[in-house]
Amino acid sequence: MRSLKILTDCRSPLLALLLASLAACGGGEPRAGNTAPGSSAGLKVYRHSMDESPTSLDPVQASNVYANHVLINAYDTLFSYQYLARPYVLKPNLAAGWPDISADTLTYTIRLKPGVHFIDDPCFPDGKGREVVAADVVYSLKRHFDPATRPQGAWLWQGRIVGLDAWKEAGSNYDQEVEGLRALDDHTLQITLVKPYPQLLDTLAQGYSSVVPREAVEHYGREFGIRPVGSGPFKLVSYDTARIVMDRNPDFRQEPVDLAAEGYDPATQGEYGLEQIQGRSPPFIDRLEFQFIADASARWNSFTKGDEAQYTTIPNEQIDRVLSSKHPITLKPEYADKYFYYAGTEAGFIFQTWNLLDPEFGYNEDPERQRRNKALRCAVIKSFDWPARNDSFYGGIGTVFPGIIPPVVPEFDPDLSRDSVTRDVAGARRLLEDNGWTASNLPVLTFGTTANVLNRLMFEQFRAWLKDIGYPPEKVVLKQYATFGDISKAWKQAELPWVVKGWGLDYPDAENTLQLFYGPNSSPGSNDSNWRDAEYDALYEQASVMLPSPERTAIYRRMNERMIEECLSATGLSRTRIHLWHKDVIALPDREIVGGFFLKYVDLKD
Amino acid sequence: MEVLQYSLRRLASGIPLLLGVTFISFLLMVYFGPDQTYQLLGKNPTAEQIAEIRAQLGYDQPFLVRYADYLREVATLDFGNSNSTGELVTDLLGRTIPVSLMLILPGFVLGNLLALLLALLAAHYRSRWPDKGIMAFSVTGMSISYLIVIIAFQVIFSSSSGLGWFPVRGWNVHSFAEYLEYVTVPTLATVFVALGYNTRFYRSVIVEELNRDHVRTARAFGVPPAKLLYRNVLKNCLIPIITRVVFTIPLIVISGALLVETYFGIPGVGKVTFDAITTGDQPVLKAVVGLTAVLFVLAQLLTDILYRAVDPRVSLS
Numbered sequence: 009m010r011s012l013k014i015l016t017d018c019r020s021p022l023l024a025l026l027l028a029s030l031a032a033c034g035g036g037e038p039r040a041g042n043t044a045p046g047s048s049a050g051l052k053v054y055r056h057s058m059d060e061s062p063t064s065l066d067p068v069q070a071s072n073v074y075a076n077h078v079l080i081n082a083y084d085t086l087f088s089y090q091y092l093a094r095p096y097v098l099k100p101n102l103a104a105g106w107p108d109i110s111a112d113t114l115t116y117t118i119r120l121k122p123g124v125h126f127i128d129d130p131c132f133p134d135g136k137g138r139e140v141v142a143a144d145v146v147y148s149l150k151r152h153f154d155p156a157t158r159p160q161g162a163w164l165w166q167g168r169i170v171g172l173d174a175w176k177e178a179g180s181n182y183d184q185e186v187e188g189l190r191a192l193d194d195h196t197l198q199i200t201l202v203k204p205y206p207q208l209l210d211t212l213a214q215g216y217s218s219v220v221p222r223e224a225v226e227h228y229g230r231e232f233g234i235r236p237v238g239s240g241p242f243k244l245v246s247y248d249t250a251r252i253v254m255d256r257n258p259d260f261r262q263e264p265v266d267l268a269a270e271g272y273d274p275a276t277q278g279e280y281g282l283e284q285i286q287g288r289s290p291p292f293i294d295r296l297e298f299q300f301i302a303d304a305s306a307r308w309n310s311f312t313k314g315d316e317a318q319y320t321t322i323p324n325e326q327i328d329r330v331l332s333s334k335h336p337i338t339l340k341p342e343y344a345d346k347y348f349y350y351a352g353t354e355a356g357f358i359f360q361t362w363n364l365l366d367p368e369f370g371y372n373e374d375p376e377r378q379r380r381n382k383a384l385r386c387a388v389i390k391s392f393d394w395p396a397r398n399d400s401f402y403g404g405i406g407t408v409f410p411g412i413i414p415p416v417v418p419e420f421d422p423d424l425s426r427d428s429v430t431r432d433v434a435g436a437r438r439l440l441e442d443n444g445w446t447a448s449n450l451p452v453l454t455f456g457t458t459a460n461v462l463n464r465l466m467f468e469q470f471r472a473w474l475k476d477i478g479y480p481p482e483k484v485v486l487k488q489y490a491t492f493g494d495i496s497k498a499w500k501q502a503e504l505p506w507v508v509k510g511w512g513l514d515y516p517d518a519e520n521t522l523q524l525f526y527g528p529n530s531s532p533g534s535n536d537s538n539w540r541d542a543e544y545d546a547l548y549e550q551a552s553v554m555l556p557s558p559e560r561t562a563i564y565r566r567m568n569e570r571m572i573e574e575c576l577s578a579t580g581l582s583r584t585r586i587h588l589w590h591k592d593v594i595a596l597p598d599r600e601i602v603g604g605f606f607l608k609y610v611d612l613k614d
Numbered sequence: 367m368e369v370l371q372y373s374l375r376r377l378a379s380g381i382p383l384l385l386g387v388t389f390i391s392f393l394l395m396v397y398f399g400p401d402q403t404y405q406l407l408g409k410n411p412t413a414e415q416i417a418e419i420r421a422q423l424g425y426d427q428p429f430l431v432r433y434a435d436y437l438r439e440v441a442t443l444d445f446g447n448s449n450s451t452g453e454l455v456t457d458l459l460g461r462t463i464p465v466s467l468m469l470i471l472p473g474f475v476l477g478n479l480l481a482l483l484l485a486l487l488a489a490h491y492r493s494r495w496p497d498k499g500i501m502a503f504s505v506t507g508m509s510i511s512y513l514i515v516i517i518a519f520q521v522i523f524s525s526s527s528g529l530g531w532f533p534v535r536g537w538n539v540h541s542f543a544e545y546l547e548y549v550t551v552p553t554l555a556t557v558f559v560a561l562g563y564n565t566r567f568y569r570s571v572i573v574e575e576l577n578r579d580h581v582r583t584a585r586a587f588g589v590p591p592a593k594l595l596y597r598n599v600l601k602n603c604l605i606p607i608i609t610r611v612v613f614t615i616p617l618i619v620i621s622g623a624l625l626v627e628t629y630f631g632i633p634g635v636g637k638v639t640f641d642a643i644t645t646g647d648q649p650v651l652k653a654v655v656g657l658t659a660v661l662f663v664l665a666q667l668l669t670d671i672l673y674r675a676v677d678p679r680v681s682l683s
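Protein sequence lines correspond, in order, to chains L and S.
First residue of the first sequence? That's 9 in the working numbering, and the numbers climb one at a time after it.
First residue of the second sequence? That's 367 in the working numbering, and the numbers climb one at a time after it.
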C-alpha cells in the first residue's frame, strides 16, 4: 500500500477536485472499516453480516428478520426475549414489569418505564427527543390498522383488541379513541381483548410493535421508512442496500446486565467471555454496522479476511470445509482457533404442502375421486426422502421431524411416530396400485419455485423420487417464477397444487405454525393447503384462548396428528444454523424468533 | 447559433423516441413485471388487505391514466417515493448515481484509453506477434464471464487466501486513499473485461483506416509511424470511437455496474435498479428508464456535435 500513500501525497488541482467529490459522496461519517478489527479511531465497531437487507425500517413493515435486526435496536418494544435463555423466554423491556391481567384474562394493564426518551431529532420541537409515553404505544399499534401505512403486521391483532377493527372501518382517524387500546396516563397502557389471547405479550416483543413517535411519522411522511426515530440502544447513521450504520444511543437508559436473569448457563456458554458484561449497562459498542452480503462466498471472504465482517453463518457450501464433525458439530482446529461458534436449530422449518383446492389432488366433487386423491397425496409424501434432502441441501445437519410442531417450541413431541418422514417406496407404490392410479391416469404435478439453480436441483431430486414410485417424469413439471412476489401471488391465488416454502416462527409457541392449517386462514391467508377440517378447526379455536398447559399441549399434538393423517404436507425440516464470530467479539449471536435482540449486548475485547 | 438551432431540433426529434421508450417499458412493467402487492403483504393477509395495497400502489387505475402520470413525472422529474423503502426517488438516485460514477469512471476511462493504445499497437504490427498477443489477450477478456473475473480478482487481491491487499467489499470512502482502496479491484476487473471488447473494436476501425489511400500516401512521404498513427489514422477514426464512447455514458450514469456493485457491496444505482426490477418497485424503475431514455437523446445530440467538431465536413443543418 506504499504506492497509495505516495499518490495521496500528490498536490494537484485534479486531486483536489476528486477529493471534493469524495467528500460529497462520503458525507461526514467517521471511518469504520479496514483498521484493526473492532476498533476505528478508538471506537468499538462491531460488523454483523447478513445475507439480505431490509427493504423498509418502518415498524409497520417489519415483516422479516432483516428488518427486525435493525428495528429492535433502533426502537423499544414493551417486551423482549432474554438474551441467553433457550427455549426463548419473554422479559419486560420498555414495560416496567409484567402486566396486571384481569381474572378473565381479557384486560392487560401495562406500566411503562418512566424517563425513557426518544433520540434527538429535527421532528421534535427544538430537536430534543421527548419522553416515550403510553400514547405512543397506542399510536404505534393503531398504525397497523391504517391502510395508508401499507401495514404488514395487522394479522397479529386483527379481531383481538376491542374496537381496533372498527376504528379501521371508521377511517383510521388517529384522534379517535379505541376502546380496547387506551393510555390511562403517560405511563400506563390498557389493552382490552375480545377473547383471551395468550400470545399477546409475544406480539408486543415483535419489531411490528416498536414504539414510534407520531411527530416523526408526520414529519418524514413516506421517508419515515428510512429515518427511524426511536428510543432503542442504537440510532441510525446511514442506510443503503449494502450497509446500515448505527451509533450507540448515548442517552439509552442505564440497565445493568444481570446474566442470571438473562438465562446465562455457564456450562454451555461459559467459553464466550460473557461474564465481562455482568453488571454493566448496554450498549457496549460505539458503532453497529450491518453488512448485507447476498453472495455466500463474498460473505465468507469478508468474514475470513479478519478486519471486515466479524460474524457470519456458515454457508452450506463451506460446511464440509469448516467442520471436523457434523454430529456433534465441531470446527476444524484452524477455524476453532480463530472463531467462536454456536450451532442452533432454526425457529422455523421447511415443508411442502398440498393445495386441496386443486381437484386433481384435493377436494373433488366426486367422493370416490376425493378418496383416491388422498391416497395419491399419501403416496407422494411417502416417496419424499428427507435424509437425502437434508444431505443435499442443508449440509446433513438439519433436523427432520414429523408434522408442523418444530423442535424449537416447547410443545414439540419427540415421541411422535416418524412414519410420515420415513421414505417408503414399496408402500407408496402399493397405495397407488390399490387406488387405481397408473402411469396413464396420474395427473400432472406442477412444482412451483422461484427461478434459481438450487430450486431447480430440488425439483429434479423430487422428480427422481416420484419416478421411483412410478410417477412418470414427464408428468412432474417445473414452473419457475421470477420473483418471490410472483410465486407468493400464485400461492395466495391457490394456483399451484404443491406449495414449497419455509416458515419462520414469529413467537415460540406452536400456535404460530398450527395456524398454517386453520380453515379460516385459507388463501389468501397463511393456510396454503386450504384445508378445512371441523375437528382441527375446533381444536385450534379451543386452544387459541388457553394459556400454556399440559392440556393445551395435548390439543396441539392432536392437531398435529390430524394434519399428518390427512396427508396434507411433506414436513418438515428445521435447518441448523452455525453462527461463527471472531474471538474478539463478546456475544452469543442468534437470529431466530424476532432476530437481533442480542446485538444490544455485544461487546469487544479491548 | 447553428449548434443551438440544431440542438433544439434534435431535442424535439427525440420526443417521439422518449414516448416510445417510456410507453413500451411501462407496458412491460405493468403487464409482465412483478406484482409488488404480494411483497408488501403480511403473513396472513385478507382479500380486503390485498385490495387496499393494490389501491395504494395505483394498480387499480386504468393503464392510460397511469401512463399519463408517468409522463408527468418524467416532465417534472418528480417520481415520488420508492414503494419499498419510502425514500424519495430523486434522493435515491442523487445518492447512488455519484457512487456509481466514482466506481465506474476509472474503469471506463482506463478501459478505453488502454484499449486504444493496444489497438494502435496491434494495428501497427498487424499479423505479427504483438498483434496476435494482444488479440489473444482480448479474446480471453471477452470469453471469461464478468462474474468469474470479479470473483477471481476478489479472491486474488482481497481475500485472506489471496494477497489480501484490498477490502473484500464495501464502500467506506472518505479520503482519496480509501477511494483507491475500494475502487482498485472493481476497476481492475472492469478494465480486464472492457479491454477485450474495446481493443478488438478499435483495432478493426484502425486497420480499416490504415488501408486508406491518404495513409498510404503519408507513409510514402516518410511520415514517422507514431505521427502517422496519431495524425493520419487516429484522428480519422474518431467518429466511430466517439459513437462507442458517448453511447456508453448513459448506461454508466443510470444503470451503473450491477455485477460489480452487487458483488462488492457498493451502494450504487446498478444495485438499486436491480432491486427495483426484482421487487417491481415501479417508481424507481420509471425514473431509471425515463432518465436513461433522456440521456440517450442527449448522447445522440452530443455525438452529432462532436462529429462536427472532429470533422468539419459534417453538417448540422
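Beta carbons: idealized from backbone N, C-alpha and C, even for Gly.
All values reported here derive from a predicted model rather than from experimental measurement.
- prompt: Under 6 Å from any heavy atom of the ligand FMN, does the C-beta of L:E139 make it?
  reply: No copy of the ligand FMN appears in this structure; indeed no ligand is present at all.
task: Have a look at S:Q415, S:N478 and S:V654 and flag the residue whose alpha-carbon is nearest the alpha-carbon of L:P155.
output: One-based indexing of the first sequence puts residue 155 of chain L at position 147. Of the candidates S:Q415, S:N478 and S:V654, the one whose C-alpha sits nearest the C-alpha of L:P155 is S:Q415.
message: On the CB-based measure, 16 or more other CB atoms within 10 Å of its CB, does L:A31 come out buried or exposed?
response: Numbered from its first residue, the first sequence carries residue 31 of chain L at position 23. Only weak support exists for where L:A31 lies, its pLDDT of 45 falling under 50; the coordinates are left without a value.
message: Using a Cβ distance threshold of 8 Å, determine whether the stretch 404-412 of chain S contacts the stretch 486-504 of chain L, with at least three qualifying pairs required.
response: Contact holds: three or more Cβ-Cβ distances are below 8 Å.
Extent of the continuous beta strand (DSSP E) to which L:M58 belongs: Position 50 of the first sequence, counting from 1, holds the residue named residue 58 of chain L. Going by DSSP, L:M58 is part of the beta strand (DSSP E) stretching over L51 to M58.
message: Can you check which of these residues, S:Y548, S:L600 and S:K498, is closest to S:N538 by C-alpha distance?
response: The sequence position of residue 538 of chain S within the second sequence is 172, counting from 1. Considering only alpha carbons, the answer is S:Y548.
- prompt: Do you know whose CA, among L:L282, L:E519, L:D545 and L:D517, lies nearest L:P528's CA?
  reply: Position 520 of the first sequence, counted from the first residue, corresponds to residue 528 of chain L. Of the candidates L:L282, L:E519, L:D545 and L:D517, L:D545 places its Cα closest to the Cα of L:P528.
- prompt: Who does L:P100 pair with in a DSSP beta bridge?
  reply: The residue labelled residue 100 of chain L in the question sits at position 92 within the first sequence. Under DSSP, the beta-bridge partners assigned to L:P100 are L:F87.
Through-space distance from S:D444 to S:R461, alpha-carbon basis: Translated into positions along the second sequence, residue 461 of chain S becomes position 95. Translated into positions along the second sequence, residue 444 of chain S becomes position 78. C-alpha separation (whole angstroms): 15 Å.
Reduced DSSP secondary structure (H/G/I, E/B, other) of L:A32: In the first sequence, the residue the question calls residue 32 of chain L occupies position 24. Below a pLDDT of 50, predicted positions are generally treated as unreliable, and L:A32, at 44, falls in that range; the measurement from the model is reported next regardless. Here DSSP, grouped into helix, strand and coil, assigns L:A32 to helix.
message: Considering only the alpha carbon of each residue, which of S:S681, S:L384, S:K593 and S:K409 lies closest to L:G512?
response: Along the first sequence, read from residue 1 onward, the residue named residue 512 of chain L stands at position 504. The shortest C-alpha separation from L:G512 is found at S:K409.
message: Considering just the uninterrupted stretch of the alpha helix (DSSP H) at S:F630, what are its terminal residues?
response: Reading the second sequence from its first residue, position 264 is the one you call residue 630 of chain S. Here the alpha helix (DSSP H) through S:F630 covers L624 to F630.
query: Is there a Cβ from chain L that is less than 7 Å from the Cβ of S:I709?
result: The requested residue 709 of chain S does not occur in the structure, where chain S is confined to residues 367 to 683.
field: CB contact check: L:E600 to chain S, cutoff 7 Å
entry: Locating residue 600 of chain L in the first sequence gives position 592, where the first residue counts as 1. Output row for L:E600: interface = no.
Element boundaries [beta strand (DSSP E), containing L:M254]: In the first sequence, the residue the question calls residue 254 of chain L occupies position 246. From DSSP, the beta strand (DSSP E) with L:M254 extends over R251 to R256.
query: Which residues does DSSP pair with L:V265 in a beta bridge?
result: Along the first sequence, read from residue 1 onward, the residue named residue 265 of chain L stands at position 257. Paired residue(s): L:Q286.
message: Between S:I416 and chain L, is the shortest Cβ-Cβ distance under 7 Å, so that the two count as touching?
response: In the second sequence, residue 416 of chain S corresponds to position 50, counting from 1. Taking Cβ atoms only, chain L reaches closer than 7 Å to S:I416, which makes this a yes.
Stretch-stretch touch, CB-based, cutoff 8 Å, three pairs: the stretch 119-135 of chain L with the stretch 185-205 of chain L: In short, these stretches touch, since the Cβ pair count reaches three.
query: Nearest chain S C-beta to L:E316 closer than 7 Å, yes or no?
result: Numbered from its first residue, the first sequence carries residue 316 of chain L at position 308. It does; some Cβ of chain S falls within 7 Å.
- prompt: Opposite L:A191 in the DSSP bridges: which residues?
  reply: On the first sequence, residue 191 of chain L is found 183 positions in, with the first residue counted as 1. Note: L:A191 is bridge-paired with L:L197 in the DSSP secondary-structure output.
message: At a CB distance below 8 Å, what residues from the stretch 387-413 of chain S approach chain L? Give them in sequence order.
response: Per Cβ criterion, the list reads P400, D401, Q402, T403, Y404, Q405, L406, L407, G408, K409, N410, P411, T412 and A413.
query: Is any beta-carbon of chain S found at less than 7 Å from that of L:P130?
result: Working through the first sequence from its first residue, we reach residue 130 of chain L at position 122. Chain S has no Cβ within less than 7 Å of the Cβ of L:P130.
message: Which complete alpha helix (DSSP H) runs does the stretch 323-357 of chain L hold, if anything under 4 residues is left out?
response: If we require 4 residues or more, the alpha helix (DSSP H) runs fully inside the stretch 323-357 of chain L come out as 327-330 and 341-344.
field: Near-chain L residues of the stretch 508-535 of chain S (beta-carbon distance less than 8 Å), N- to C-terminal order
entry: Here the close residues are I517, Q520, V521, S524, S525, S526, S527, G530, W531, P533, V534 and R535.
field: DSSP-derived helix/strand/coil call for L:K591
entry: The sequence position of residue 591 of chain L within the first sequence is 583, counting from 1. Coil at L:K591, not helix or strand.
task: Mind listing the chain C neighbours of S:L454? Cutoff is C-beta to C-beta under 7 Å, in chain order.
output: In the displayed structure, chain C is absent; the protein chains listed are L and S.
Where L:R649 falls: helix, strand or coil (DSSP): A query on residue 649 of chain L cannot be resolved here, the shown segment of chain L reaching from 9 to 614 and no further.
message: Quick check on DSSP: helix, strand or coil for L:I413?
response: Sequence index remark: in the first sequence, residue 413 of chain L carries index 405 (1-based). Looking at L:I413 - three-state DSSP - the assignment turns out to be coil, as it is neither helix nor strand.
field: Residue burial classification, L:P274 (beta-carbon count within 10 angstroms, cutoff 16)
entry: In the first sequence, residue 274 of chain L corresponds to position 266, counting from 1. In summary, L:P274 is exposed, with fewer than 16 beta-carbon neighbours lying within 10 Å of its beta-carbon over all protein chains present.
query: What residue from S:L561, S:L454 and S:K498 has the CA that sits closest to S:S509's CA?
result: Taking the first residue of the second sequence as position 1, residue 509 of chain S is located at position 143. Residue S:L561 is the option with its Cα nearest to S:S509.
task: Can you check the stretch 98-154 of chain L for any beta strand (DSSP E) of at least 3 residues that lies completely inside it and give the ranges in chain order?
output: Runs found: 98-100 and 115-119.
message: Against S:P759, what residues of chain L qualify as contacts under a CB-to-CB distance less than 7 Å, listed in chain order?
response: Nothing can be reported for residue 759 of chain S, as the shown portion of chain S is limited to 367 through 683.
- prompt: So what does DSSP say about L:V610, is it helix, strand or coil?
  reply: Translated into positions along the first sequence, residue 610 of chain L becomes position 602. Correct three-state label for L:V610: coil.
message: Can you look up L:W362 in the DSSP assignment and give me helix, strand or coil?
response: Looking up residue 362 of chain L in the first sequence gives position 354. In this structure, L:W362 counts as strand in the three-state DSSP scheme.
- prompt: Of all the CB atoms in chain S, is at least one closer than 7 Å to the CB of L:W163?
  reply: For this step, residue 163 of chain L is matched to residue 155 along the first sequence. Look at L:W163: its C-beta is under 7 Å from a C-beta on chain S.
query: So, does the CB of L:G370 fall closer than 7 Å to a CB anywhere in chain S?
result: Within the first sequence, residue 370 of chain L is the residue found at index 362, counting from 1. Nearest CB-CB separation between L:G370 and chain S: not below the 7 Å threshold.
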